[in-house]
Amino acid sequence: MRHYLYVIAGITSALIGWNIGEIFATDLGLLQQAQMKEVIIFPPVAISLAIGMVLNEIFISNPTRPTLCIRKALIPVCLALGLGIVFGLIGGVLYQLLFYLEQPPFLVRIL
Numbered sequence: 006m007r008h009y010l011y012v013i014a015g016i017t018s019a020l021i022g023w024n025i026g027e028i029f030a031t032d033l034g035l036l037q038q039a040q041m042k043e044v045i046i047f048p049p050v051a052i053s054l055a056i057g058m059v060l061n062e063i064f065i066s067n068p069t070r071p072t073l074c075i076r077k078a079l080i081p082v083c084l085a086l087g088l089g090i091v092f093g094l095i096g097g098v099l100y101q102l103l104f105y106l107e108q109p110p111f112l113v114r115i116l
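Below, the structure is given as structure tokens:
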């Protein structure tokens with residue numbers, strides 16, 4: 006049962022992050038200023054996945070006390086937010102860098 010919760014949390018976190026990234030890219034007009042869509046989309050996805058993993062693990066470890074879980078989750082969620090921003094930006098920049106170095110697209114998507 007625990008594996009199903011991890012899969013559901015991962016899928017919903019990725020979809021939420023992708024939707025937030027698309028809002029930044031299209032609705033707020035950030036994509037018109039910069040043509041690097043991945044640098045705009047990857048950080049919200051990474052943040053959402055990191056926060057989803059942290060909250061999932063905290064709530065699964067102690068499911069009977071949700072208020073205690075919320076109080077314990079503040080520092081780990083803040084760390085997940087910071088790490089998600091950093092690694093999302095690094096991933097987006099590396100993705101764009103590999104495209105600008107004219108690597109084969111299938112290789113860039115695999116990496």
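In my numbering, the protein residues as written are 6 to 116. By construction, the Cβ of each residue, glycine as well, lies at the ideal position given by its N, Cα and C atoms.
Cutoff 6 Å; reference residue i; Cβ partners in own chain excluding five residues on either side
i      : result
Tyr100 : Glu43
Ile21  : Ser53
C-beta contact flag for residue i and residue j at 9 Å
i      : j      : result
Ala51  : Gly93  : yes
Gly97  : Phe47  : yes
Val113 : Phe104 : yes
Leu73  : Gly15  : no
Asn61  : Leu106 : no
Residue i versus residue j - alpha carbon distance
i      : j      : result
Ala19  : Gly57  : 9 Å
Val12  : Ala78  : 20 Å
Gly26  : Leu33  : 10 Å
Met41  : Leu102 : 10 Å
Ile115 : Pro109 : 10 Å
Ile75  : Ile28  : 27 Å
Arg70  : Leu84  : 22 Å
Spatial neighbours of residue i in its chain, beta-carbon cut-off 8 Å, leaving aside the 5 residues before and after
i     : result
Pro81 : Val59, Ile63
Leu86 : Ile52, Ala55, Ile56
Thr17 : Gly57
Proximity to residue i [Cα-Cα], best of the options
i     : options                    : result
Ile95 : Met6, Phe111, Ile45, Pro71 : Ile45
Arg7  : Pro49, Pro68, Asn24, Cys83 : Pro68
Pro49 : Asn24, Leu84, Arg76, Cys83 : Asn24
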